[in-house]
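Quick notes on the structure that follows.
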Amino acid sequence: KQEVTQIPAALSVPEGENLVLNCSFTDSAIYNLQWFRQDPGKGLTSLLLIQSSQREQTSGRLNASLDKSSGRSTLYIAASQPGDSATYLCAVSPASPLVFGKGTRLSVIA
Amino acid sequence: GAGVSQSPSNKVTEKGKDVELRCDPISGHTALYWYRQSLGQGLEFLIYFQGNSAPDKSGLPSDRFSAERTGGSVSTLTIQRTQQEDSAVYLCASSPLGGRGAPLHFGNGTRLTVT
Numbered sequence: 231k232q233e234v235t236q237i238p239a240a241l242s243v244p245e246g247e248n249l250v251l252n253c254s255f256t257d258s259a260i261y262n263l264q265w266f267r268q269d270p271g272k273g274l275t276s277l278l279l280i281q282s283s284q285r286e287q288t289s290g291r292l293n294a295s296l297d298k299s300s301g302r303s304t305l306y307i308a309a310s311q312p313g314d315s316a317t318y319l320c321a322v323s324p325a326s327p328l329v330f331g332k333g334t335r336l337s338v339i340a
Numbered sequence: 181g182a183g184v185s186q187s188p189s190n191k192v193t194e195k196g197k198d199v200e201l202r203c204d205p206i207s208g209h210t211a212l213y214w215y216r217q218s219l220g221q222g223l224e225f226l227i228y229f230q231g232n233s234a235p236d237k238s239g240l241p242s243d244r245f246s247a248e249r250t251g252g253s254v255s256t257l258t259i260q261r262t263q264q265e266d267s268a269v270y271l272c273a274s275s276p277l278g279g280r281g282a283p284l285h286f287g288n289g290t291r292l293t294v295t
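Residue numbers (this note's numbering), protein chains in the order written: chain R, 231 to 340; chain F, 181 to 295.
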C-alpha cells in the first residue's frame, strides 16, 4: 500500500528565505507526483505536476524535483513571501486515485 | 469556465439525520473524485467516477455512505444516519481525464459538522 510522508509537519520562516519541503513515498511505481497548496477553509490548488519520466518542474519561484527510485520529492520555494503561507500537500498517482501526504503547514513571517 | 463548485459550503446536522452534499465539476471533466479531510489528517479517498460509473468506491467507510453521478456532470454524496465521526471537510475534485497523469481541480469543500 502506497504511503506518503511529508516532513516537516510545520515550518515557520522569515520573509525572503529560500526553503525546501520534503515528500517521500513508499512505492516507487508511480505515474506522477503533484504538489498542492491549501489555504485555510479552501480547497486544494495544484501547483506543479511531475510525470514519472521527469526530474523536475518549475513555476515562478517554485521548483519541484522528483527522484522516483529513492521515493522522494522536494518543493523548493525561493524568496519566500507572507502570501506563501499555507499548507502544502504532495500526492502520488500509482494509478487512481491520488494518495496524499498530511501536508506541511508553512508560515512566512514578515 | 467556473471551477469546481460544492454546496453547501457548511452543513450542521444532528446525529442520525441524513445529509446530501453536491458537487458541480468543471464542464467537460469526465473524472470526478470525492475525498474527506478530517482535522489533522490527510485527504482520505472516498470514491471515483468516470462518467456516471464508479470504478473505484473502495474508500467509502461504511454502507451509510453512497454517491451517484448523473449526466456525466453533477455528483451527490449522501451520508445516512450521520455519526459524529463523520464530521469533516468533504472535498470534490474533477479532472479532464481519469486515472494516471491528470491534474485534479478541487472545489472549496463542504464542512460537515454532526452534533
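The beta carbon of each residue, even a glycine, is placed where N, CA and C say it ideally should be.
Because the structure is a prediction, the values reported are computed rather than measured.
Which residues DSSP lists as bridging residue i, in chain order
i: HIS285 of chain F; result: F:SER274
i: ARG216 of chain F; result: F:GLU224 and F:TYR270
i: ILE260 of chain R; result: Answer by DSSP bridge pairing: none, since ILE260 of chain R is not bridged.
i: SER289 of chain R; result: R:LEU292
Pairwise C-alpha distance: residue j and residue i
i: ASP269 of chain R; j: ILE237 of chain R; result: 18 Å
i: GLY231 of chain F; j: PRO276 of chain F; result: 11 Å
i: SER242 of chain F; j: ASN288 of chain F; result: 24 Å
i: PRO324 of chain R; j: HIS285 of chain F; result: 18 Å
i: GLY183 of chain F; j: PRO205 of chain F; result: 7 Å
i: SER295 of chain R; j: THR304 of chain R; result: 5 Å
i: LYS197 of chain F; j: SER255 of chain F; result: 20 Å
i: CYS320 of chain R; j: LYS298 of chain R; result: 14 Å
i: THR295 of chain F; j: THR262 of chain F; result: 9 Å
i: LEU229 of chain R; j: ASN252 of chain R; result: Lying before the first or after the last residue shown, residue 229 of chain R is absent from chain R, which here runs from 231 to 340.
i: SER276 of chain R; j: THR290 of chain F; result: 19 Å
i: TYR271 of chain R; j: THR293 of chain F; result: Sequence check: residue 271 of chain R is Gly here, not Tyr. Each residue's alpha carbon lies about 14 Å from the other.
i: LYS332 of chain R; j: VAL250 of chain R; result: 16 Å
i: SER274 of chain F; j: HIS209 of chain F; result: 6 Å
i: ASN293 of chain R; j: LYS191 of chain F; result: 38 Å
i: SER300 of chain R; j: THR334 of chain R; result: 20 Å
Assigned exposure category for residue i - 16 Cβ within 10 Å defines buried
i: ASP257 of chain R; result: exposed
i: ILE339 of chain R; result: exposed
i: VAL322 of chain R; result: buried
i: THR258 of chain F; result: exposed
i: ALA234 of chain F; result: buried
i: ALA282 of chain F; result: buried
i: ARG249 of chain F; result: buried
i: GLN186 of chain F; result: buried
Cβ separation of residue i and residue j, assumed to be a contact under 8 Å, to the nearest whole Å
i: VAL378 of chain R; j: PHE255 of chain R; result: Since the displayed chain R opens at 231 and closes at 340, residue 378 of chain R lies outside it and no answer follows.
i: LEU212 of chain F; j: PHE225 of chain F; result: Going by Cβ atoms, the distance from LEU212 of chain F to PHE225 of chain F rounds to 12 Å, so no, they are not a contact pair.
i: LEU278 of chain R; j: SER289 of chain R; result: 6 Å
i: PHE191 of chain R; j: LEU240 of chain F; result: Any question about residue 191 of chain R goes unanswered here, given that chain R covers just 231 to 340.
i: LEU328 of chain R; j: GLN264 of chain R; result: 7 Å
Contact between the segment 263-278 of chain F and the segment 211-218 of chain F (3+ Cβ pairs under 8 Å):
Touching, yes.
Could you say if the segment 303-312 of chain R and the segment 254-268 of chain F meet the contact criterion of at least three C-beta pairs nearer than 8 Å?
no
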